[in-house]
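Contents: one structure, followed by commentary.
Protein chains: 2
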Amino acid sequence: MADHGRTKNRKDRIMDAALRIFAEKSFQEATIAEISKEAGVSEATVYEYFGTKEDLLFAIPEKITNDTFEESQAVLPYIKDVEGRMRAILLSYIQLYQNNPHYSALVLLQLMSNKRFRQTAAHEAIRRSAHNLLDCIREGIANGTFRSDADAYLIRSMLMGAIEHLFIHWHMQGKPKRDKTIMDMLDPFLEIVFNGIRAKKEQQGLTIHLNLQDTRALGEILQNGSMLKSPAQDVKPAPNMKQKNKQKTY
Amino acid sequence: MADHGRTKNRKDRIMDAALRIFAEKSFQEATIAEISKEAGVSEATVYEYFGTKEDLLFAIPEKITNDTFEESQAVLPYIKDVEGRMRAILLSYIQLYQNNPHYSALVLLQLMSNKRFRQTAAHEAIRRSAHNLLDCIREGIANGTFRSDADAYLIRSMLMGAIEHLFIHWHMQGKPKRDKTIMDMLDPFLEIVFNGIRAKKEQQGLTIHLNLQDTRALGEILQNGSMLKSPAQDVKPAPNMKQKNKQKTY
DNA sequence: AATACTTGACAGTGAGACTATGATGATATA
DNA sequence: TATATCATCATAGTCTCACTGTCAAGTATT
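Structure, rendered in structure tokens:
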């Protein structure tokens, strides 16, 4: 293969450059000329690999999704606890965005670009997560974990919407608005949602006397007890959690 | 004003046509030629009113926002109850989208179009809602309505994110995915969130028996009461999209 | 009717997506 | 070493579309 001395393969170099430029400017404003220059290849080479500018746009999240998202989904079937499984789904979702800072911008660009978006791997991945979540919620309702009157669609939108909202804000305002990462918020977040939709159950075992006027004390008890810190604590975090950041390109 | 027999003023006709075409296609795919034809006006006239295609894109949500959003915000200061005020903010937010079906698409187009978005009335309206919400949440935390350890930013993202998520899905799948409107979901939604973040109080003086092994039960008991009404709408599977595929362009 | 203003038709410019083609030089194979 | 192959590049050219400029014709106001 004639590489003219360049090490990394051209297709990747083009996608890297395009990712940066698309995210920084916008689809209209980015030109193939600029992308090819940034990638150190000729314009014709871009067209060799990607038939159209739009193909290029669609290829990038496709690759990221296939590279980083798929494997993190593999553990899901082994998590029997509904809440733990939901946590794992959201975690992989968050990691997908977190590890690829420009990803959300690109996905939005695609979304707005045209109807083709529905056929992409990125959309498929999101769709599948959404579907899995819905199943979990229904399962939780069916087995009594969640209230029987809970609206599964609504709860799913709460879960995914909040995360997307956090990332969109992140994207719009430049990252470090706060010291807490979105990952840090996952458990408090889930606690609130689960808190709001858990079915009331009977209690067995120890009984204690509480004076319910003392709200503070109650709050302490609630948060220090094992239960309310994320029920999924023992669930092993999805594989690529170490934040390795394989290439700084993204 | 020379109107050549047309009644409605040209500027509005152009914006109407543009709103439809931008939302249906996308920014790139919509051409000024088509918009002007749809509006029954010459191409030059479009440029008379709107200097550039992008100006046209930005002018539309600007108008809608100013027309319909501002007044709905006027009542807010008079609602003293924190939760009631939060509900009102979200309600006006939902109405903004609901009354203008193409609005969300246009706002997203703007968002992705470029950085100018931050100076638009649409963005300003959203920003102000977001800000008001944050204030409400903080006030609720301060006055003991909400748990003291609640994360105000997170809660805001839950509230706004869920609504935006519902609308984006709505936009992507063609409207009537379900019989319930997004407005119908507002109260069940708020119930879950408030449920999850309300400070545990009331039940003054009552002593009850609790099992600390099942912390869930503790939470339930504390939150139990009036708010769990939400009629159990049985979940029906989403009638999956009609796959109409209006244009085979791609 | 006279003047001021608005609109339309049309021609033209420039940017940028995309194509076609032939030259170049690295690599594989004989 | 010689030859074939193939990725890449450079260049030139086509086409679509945003956008401009001009002028004639219509309408409003006086």
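From first to last, the protein sequence lines stand for chains A and B.
The numbering of the first sequence is this note's numbering, which starts it at 639 and goes up by one.
The numbering of the second sequence is this note's numbering, which starts it at 639 and goes up by one.
No residue lacks a Cβ here, since even glycine has one placed at the ideal position from N, Cα and C.
| query | Mind pulling the chain B residues with CB within less than 9 Å of HIS740 (chain A)? | reply | By Cβ distance, chain B contributes nothing, its closest Cβ being about 13 Å from HIS740 (chain A), past 9 Å.
| request: Pull up the CB-CB distance for ILE801 (chain A) and ALA788 (chain A), whole angstroms please, since I reckon it's below 8 Å. | output: 19 Å between Cβ atoms; not a contact.
| query | Of all Cβ atoms in chain A, is any one closer than 8 Å to the Cβ of PHE665 (chain B)? | reply | True, the Cβ-Cβ gap to chain A drops below 8 Å.
| task | Can you tell me which of the three DSSP states ARG658 (chain B) falls into? | result | Taken through DSSP and simplified to helix, strand or coil, ARG658 (chain B) comes out as helix.
| query | Going along chain B in order, which residues have a C-beta closer than 9 Å to the C-beta of ASP719 (chain A)? | reply | Under the 9 Å cutoff, chain B gives no residues; its nearest Cβ is about 13 Å from ASP719 (chain A).
| field | Residue interval of the alpha helix (DSSP H) (run including THR683 (chain B)) | value | Per DSSP, the unbroken alpha helix (DSSP H) holding THR683 (chain B) starts and ends at 681-687.
| For chain A, is any of its Cβ atoms less than 8 Å away from the one on ILE830 (chain B)? | True, the Cβ-Cβ gap to chain A drops below 8 Å.
| query | The alpha helix (DSSP H) with PRO713 (chain A) in it runs from where to where? | reply | The sequence shown places Val at residue 713 (chain A), not Pro. Neither: VAL713 (chain A) is in no alpha helix (DSSP H) and is coded neither H nor E.
| DSSP on PHE784 (chain A), reduced to helix/strand/coil? | PHE784 (chain A) falls in the strand class under three-state DSSP.
| Contacts around GLN841 (chain B), its chain only, beta-carbon distance under 6 Å, and the 5 residues preceding and following it disregarded | Summary for GLN841 (chain B): the model assigns pLDDT 34, below 50, so the residue's position carries little reliability; its value from the coordinates is reported in the next sentence. Taken in chain order, the list of residues that qualify is empty.
| query | If you compare alpha carbons, which of A:LEU747, A:MET750 and A:ASN704 is closest to SER730 (chain A)? | reply | Nearest in C-alpha terms to SER730 (chain A), of all of A:LEU747, A:MET750 and A:ASN704, is A:ASN704.
| query | Touching or not, the stretch 761-771 of chain B and the stretch 715-727 of chain B, by the rule of three or more beta carbon pairs under 8 Å? | reply | Yes, since at least three Cβ pairs between the stretch 761-771 of chain B and the stretch 715-727 of chain B fall closer than 8 Å, the two stretches touch.
| request: May I ask which residues mark the beginning and end of the alpha helix (DSSP H) holding GLU829 (chain A)? | output: If you look at GLU829 (chain A), you'll find it in the alpha helix (DSSP H) that goes 820-835.
| query | List, in order along the chain, the chain B residues whose C-beta lies closer than 7 Å to that of PRO826 (chain A)? | reply | Under the 7 Å cutoff, chain B gives ASP789 and LEU792.
| said: Is the beta carbon of ALA656 (chain B) closer than 8 Å to that of ILE698 (chain B)? | reply: A distance below 8 Å separates the beta carbons of ILE698 (chain B) and ALA656 (chain B).
| said: With a threshold of 8 Å between beta carbons, is ALA800 (chain B) in contact with chain A? | reply: Yes - at least one Cβ of chain A is within 8 Å of the one on ALA800 (chain B).
| query | Do the CB positions of SER889 (chain A) and PHE805 (chain A) come within less than 8 Å of each other? | reply | Nothing can be reported for residue 889 (chain A): it is not among the residues displayed for chain A, which extend from 639 to 888.
| query | Would LEU734 (chain A) count as contacting chain B if we go by Cβ distances under 8 Å? | reply | Judged by the 8 Å Cβ criterion, LEU734 (chain A) is not in contact with chain B.
| message | Going by DSSP in three states, HIS929 (chain A) sits in which element: helix, strand or coil? | response | Outside the modelled stretch of chain A, which goes from 639 to 888, sits residue 929 (chain A), for which no answer is possible.
| task | Count the other CB atoms, across all protein chains shown, that sit within 10 Å of the CB of PRO826 (chain A); report buried if there are 16 or more and exposed otherwise. | result | Residue environment: PRO826 (chain A) is assigned as buried (16 or more neighbouring CB atoms within 10 Å of its CB, all protein chains considered).
| query | If GLN666 (chain B) and PHE665 (chain A) are in contact, beta carbons under 8 Å, what's the gap, nearest whole angstrom? | reply | Going by Cβ atoms, the distance from GLN666 (chain B) to PHE665 (chain A) rounds to 7 Å, so yes, they are a contact pair.
| query | How about PHE660 (chain A) and ALA668 (chain A): do their beta carbons lie closer than 8 Å? | reply | Yes, they are a contact pair.
| Cutoff 8 Å: ASN635 (chain B) Cβ touching any chain A Cβ | Missing from the structure shown is residue 635 (chain B); chain B here goes from 639 to 888 and no further.
| Residue-chain proximity (LEU747 (chain A), chain B), Cβ-Cβ < 8 Å | Taking 8 Å as the CB threshold, LEU747 (chain A) lines the interface with chain B.
| said: Mapping the DSSP letters down to three states, classify GLU762 (chain B) as helix, strand or coil. | reply: If DSSP states are grouped into helix, strand and coil, GLU762 (chain B) belongs with the helices.
| field | Other residues of its chain near LYS649 (chain A): CB distance less than 7 Å, five sequence neighbours each side excluded | value | Same-chain partners within the cutoff: TYR687.
| request: Specify, as a first and last residue, the run of the alpha helix (DSSP H) that SER730 (chain A) falls within. | output: Here the alpha helix (DSSP H) through SER730 (chain A) covers 720-737.
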